[in-house]
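Numbering (this note's numbering), first residue to last: 17 to 97.
C-beta: ideal position from N, C-alpha, C; glycine also.
For reference, the structure is listed below as structure tokens.
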């Protein structure tokens, strides 16, 4: 019975493929979603991880600025007696 009804429909209803630009946009969105999911996999609190990363970057930036300015008092020094 499905065979008989399939001849009554137009061919346009079967082919619902989006144009190239829409397809590219959807693929890019899917790739970004996969990337976000992969970054957050296994992390309970993503906001905490981001805060820790920003804090580490800020610390690294401060250390680099101290080295550029010629500051001989580095924040971390080993003392050997």
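- Does DSSP put residue 95 in a helix, a strand or coil? Three-state result, residue 95: coil.
- Message: Whole angstroms are fine: how far does the CA of residue 52 sit from the CA of residue 39?
- Response: C-alpha of residue 39 to C-alpha of residue 52: approximately 20 Å in a straight line.
- Task: Could you give the DSSP three-state label for residue 34: helix, strand or coil?
- Result: Note: residue 34 maps to coil in three-state DSSP.
- Query: Alpha carbon to alpha carbon, what distance is there between residue 67 and residue 95?
  - Reply: Roughly 32 Å between the two C-alpha positions.
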